[in-house]
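K.L.:
Shown below is the structure under consideration.
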């Protein structure tokens, strides 16, 4: 008979074409490594290089280019607006002198050196969790030292995700606004004031639309552009210096300290909020470490650092030459970054800066994906569908988060309109992330037996970053409230999800085979009850293989018992390897109860239905599962397997639950978020099979429910209503009927078996 449906089937091949390509690539790489090991290392440099290539700090040209594109976008756009904000804060270029310029450059240089180079590159990146960086990966290493550490980890992660919403808006809009400095385009932008916002909106939508292609492909394209961008920054900076090397006197930190507390600094400590803009990409650098590898960041950071320094100092030299320029007196849209270039150079500068703004957004988006994935692993966020479009698990894509970020970023742009107003909110939340990261790093170093270094590290970096935070608080009323509100909202989601999961897990119970098998065997052999399904499959996140979750047990016996030829409890785990396909089965010594654990690589589609058919066939062939046949047509076109019904169990809190207000709110919020987060039925490819979604009460302790009082009905017009009699013939009111309240809140009236036996004896 010709096939009617097109349900997925198992291939006769053990590997897909993609796996064959990956396997060949891995073999070539292994051969190259073997050949390198056979060649003797030449000199100490050769031995050192071989040691590096055999360590987690391995460097490859391809991934180094990806690192340029994925990691450095945010910090690479800082020269676009840092010194522009400084000049505007001083009241215009006419109010800036050599002391203030050297002081500002000194603060910028030492902030980049201490925060980015020392804290993140030299210290934080040496502390990774299986190659992954970021505040959540760091928390997993230190959480055993104190439950309180969850507070800074949650706060820092929430602040980072909040800042991820603002970064695309401020980076891209500030770059697009550079088009206003081109003389040919200036009249067009004057006639259409909202043109820059419209262009920014289009670029942001396109950027989020291509995220599903993966950061590796995007990174190769962006990496080449970023290499050109930073080379451009260095060249135009050196050109602007014009041989006046005295500007490098700002390398002396004394200039920065004196300027910070001098009367030339008209904004006081608030200047540190502007200085902080030069370090905004440092946290993203740590979070994206898992995407590109630590060694590739080590290899590329010196080039990035030098290019940034040359550009900042070039802008400073141009400012000093033009403090008395009458054409710039009172200018409101003056930007040293574009102004220091000849007019003909501004055309490629604007194109490159727009591209760099897109890349800056990419760095934060990929960092957000990583942090959400890690938060899910910590049970601080709902489980979402995750895709792995590249060869490594560190490069991932979360569709739900991608479009939430997109909508939020567009909302920010529509609310604040331009980069000037967006920058008022930018950076404030990120200072919180940096402070909390410092706290967790301090704890790790303390318990790693580096206590003196831990104390020095905490004192130095907490002092600097708290100063950044206090300075950035000046932005609060000008837009910083938005980031803080967004941070609070994300923190609320994390905290309530964590507390709700804690309550649920406190109530999770397992049944041993001795406890559950007698009832299951009785139901299995009770031919008075028709089959609910040949195979009843429960999808569960429970990893216990030797016992049965009580949720499944009560689902089988709730309401009308669900009799089946076989009951299945199936869990799916994602492995760190890309193409793992394996399963384990526990049958508890029966031929009707099976606990199955399927382990799939992160690149393998989680088509549970197809794999479960394979497992059933192999168990039938092995004699563990009785033969099944299906007489009537089915969607899966498999007559050798009986009907299959899939079940997902959701929990709900009963009104009578004896639980704290905080716990009840956490559970209600968790269930609301879970409802909006997505449907696991779709993730596992079960939509065509019409799975059941059951809601079970959460088995928490319940309050006793007061009994009902029976009241007499009003007298009828035709006469009095007769009173009920008990089995002794005596009249009995409702209050005398025994009532019991079960733990689950159900009220049962004890209609005694004695009454039944009495009536039976009379008959």
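Residue numbers (our numbering): 1447 to 2209. The beta-carbon is built from N, C-alpha and C at its ideal position, and this holds for glycine as well.
In chain order, which continuous runs of the beta strand (DSSP E) of length 3 or greater are located wholly inside the region 1964 to 2014?
P.N.:
Counting only runs of 3 or more, we get 1979 to 1985.
K.L.:
For residue 2028 and residue 2013, I'd like the C-alpha separation in whole angstroms.
P.N.:
Approximately 20 Å between the Cα atoms of the pair.
K.L.:
How is residue 1565 classed by DSSP in three states: helix, strand or coil?
P.N.:
Correct three-state label for residue 1565: helix.
K.L.:
Can you tell me where the beta strand (DSSP E) holding residue 1833 begins and where it ends?
P.N.:
Taken as a continuous stretch (DSSP letters only), residue 1833 belongs to no beta strand (DSSP E), as it is neither H nor E.
K.L.:
Rounding to the nearest angstrom, what Cα-Cα distance links residue 1394 and residue 1479 in this structure?
P.N.:
Outside the shown range of the chain (1447 to 2209) lies residue 1394, about which nothing can therefore be said.
K.L.:
Let me confirm a value: residue 1853 is counted as buried when at least 16 other C-beta atoms fall within 10 Å, else exposed. Which label applies?
P.N.:
Classification for residue 1853: exposed.
K.L.:
Between the beta-carbon of residue 1874 and the beta-carbon of residue 1926, is there less than 8 Å?
P.N.:
For residue 1874 and residue 1926, yes; Cβs fall inside 8 Å.
K.L.:
Secondary structure at residue 1514, three-state DSSP: helix, strand or coil?
P.N.:
In the structure shown, residue 1514 sits in a helix (DSSP, three-state: H, G or I).
K.L.:
Alpha carbons only, please: which of 1709, 1620, 1710 is nearest the one belonging to residue 1781?
P.N.:
It is 1620.
K.L.:
Looking at residue 2018: is its Cβ nearer than 8 Å to the Cβ of residue 2093?
P.N.:
Taking 8 Å as the Cβ cut-off, residue 2018 and residue 2093 do not qualify as a contacting pair.
K.L.:
Going by other Cβ atoms of all chains shown within 10 Å of its Cβ, with 16 needed for buried, is residue 1654 buried or exposed?
P.N.:
Label assigned to residue 1654: buried.
K.L.:
For the beta strand (DSSP E) holding residue 2115, just list the boundary residues, first then last.
P.N.:
It is not in any beta strand (DSSP E) - residue 2115 instead sits in the alpha helix (DSSP H) that spans 2107 to 2123.
K.L.:
Just to confirm before moving on: does the CB-CB distance between residue 2142 and residue 1997 stay below 8 Å?
P.N.:
Yes. Within cutoff.
K.L.:
Would you call the region 1952 to 1966 and the region 2129 to 2138 touching, i.e. three or more CB-CB distances under 8 Å?
P.N.:
Flag = no, the region 1952 to 1966 and the region 2129 to 2138 do not touch.
K.L.:
What's the call for residue 2008, buried or exposed, on a 16-neighbour Cβ count within 10 Å?
P.N.:
Its Cβ being crowded by 16 or more others within 10 Å, residue 2008 is buried.
K.L.:
Restricting to Cα atoms, I'd like to know which of 1509, 1568, 1565, 1549 is closest to residue 1721.
P.N.:
The residue with the shortest Cα to Cα distance from residue 1721 is 1549.
K.L.:
For the region 1752 to 1766 against the region 1608 to 1625, are there 3 or more C-beta pairs whose distance is under 8 Å?
P.N.:
In short, these stretches do not touch, since the Cβ pair count stays below three.
K.L.:
So, with DSSP's three-state summary, where would you put residue 1808?
P.N.:
DSSP places residue 1808 in helix when its eight states are reduced to three.
K.L.:
For residue 2176, is the classification buried or exposed, using 16 other Cβ atoms within 10 angstroms of its Cβ as the cut-off for buried?
P.N.:
Summary for residue 2176: the model assigns pLDDT 45, below 50, so the residue's position carries little reliability; its value from the coordinates is reported in the next sentence. It is exposed - the Cβ of residue 2176 has fewer than 16 other Cβ atoms within 10 Å.
K.L.:
Run through DSSP, which three-state label would residue 2091 get?
P.N.:
DSSP places residue 2091 in strand when its eight states are reduced to three.
K.L.:
Is it true that the region 1789 to 1809 meets the region 1703 to 1715, where meeting means three or more beta-carbon pairs spaced less than 8 Å apart?
P.N.:
Too few Cβ pairs lie closer than 8 Å, so no.
K.L.:
With H, G and I counted as helix, E and B as strand and the rest as coil, what does DSSP make of residue 1475?
P.N.:
Looking at residue 1475 - three-state DSSP - the assignment turns out to be helix.
K.L.:
Quick one: complete alpha helix (DSSP H) runs, 4+ long, within the region 2018 to 2089?
P.N.:
Complete alpha helix (DSSP H) runs here, min 4: 2054 to 2067.
K.L.:
Please state whether DSSP places residue 1858 in a helix, a strand or coil.
P.N.:
Of the three classes helix, strand and coil, the one that applies to residue 1858 here is helix, per DSSP.
K.L.:
DSSP three-state call for residue 1708: helix, strand or coil?
P.N.:
It is coil, neither helix nor strand.
K.L.:
So residue 2139 is in the beta strand (DSSP E); what residue range does that whole segment cover?
P.N.:
Per DSSP, residue 2139 belongs to the beta strand (DSSP E) from 2138 to 2143.
K.L.:
If I follow the unbroken alpha helix (DSSP H) through residue 1737, where does it start and stop?
P.N.:
Residue 1737 -> alpha helix (DSSP H) spans 1735 to 1738.
K.L.:
Around the C-beta of residue 1861, are 16 or more other C-beta atoms found within 10 angstroms, so that it is buried, or is it exposed?
P.N.:
It is exposed - the Cβ of residue 1861 has fewer than 16 other Cβ atoms within 10 Å.
K.L.:
Span of the alpha helix (DSSP H) holding residue 1550?
P.N.:
Looking at the DSSP string, the run of the alpha helix (DSSP H) that includes residue 1550 is 1544 to 1557.
K.L.:
For the alpha helix (DSSP H) that contains residue 1882, what are its first and last residues?
P.N.:
Element bounds for residue 1882: 1874 to 1893.
K.L.:
What did DSSP end up calling residue 1871 once you bin it into helix, strand or coil?
P.N.:
Coil, per DSSP.
K.L.:
On the three-state DSSP scale, how would you describe residue 2098?
P.N.:
If DSSP states are grouped into helix, strand and coil, residue 2098 belongs with the strands.
K.L.:
Compare the C-alpha of residue 1851 against each of 1592, 1657, 1501 and name the closest.
P.N.:
With distances taken between Cα atoms, residue 1851 lies closest to 1657.
K.L.:
Looking at the structure shown, is residue 2151 part of a helix, part of a strand, or coil, going by DSSP?
P.N.:
Coil, per DSSP.
K.L.:
Leaving out the 5 sequence neighbours to the left and right, which residues in its chain are closer than 6 Å to residue 1669 when beta-carbon positions are compared?
P.N.:
Excluding residues within five positions, the ones whose Cβ falls inside 6 Å are 1511, 1512, 1514, 1515.
K.L.:
Have a look at 1952, 1846, 1900 and flag the residue whose alpha-carbon is nearest the alpha-carbon of residue 2122.
P.N.:
Here the closest residue by C-alpha is 1846.
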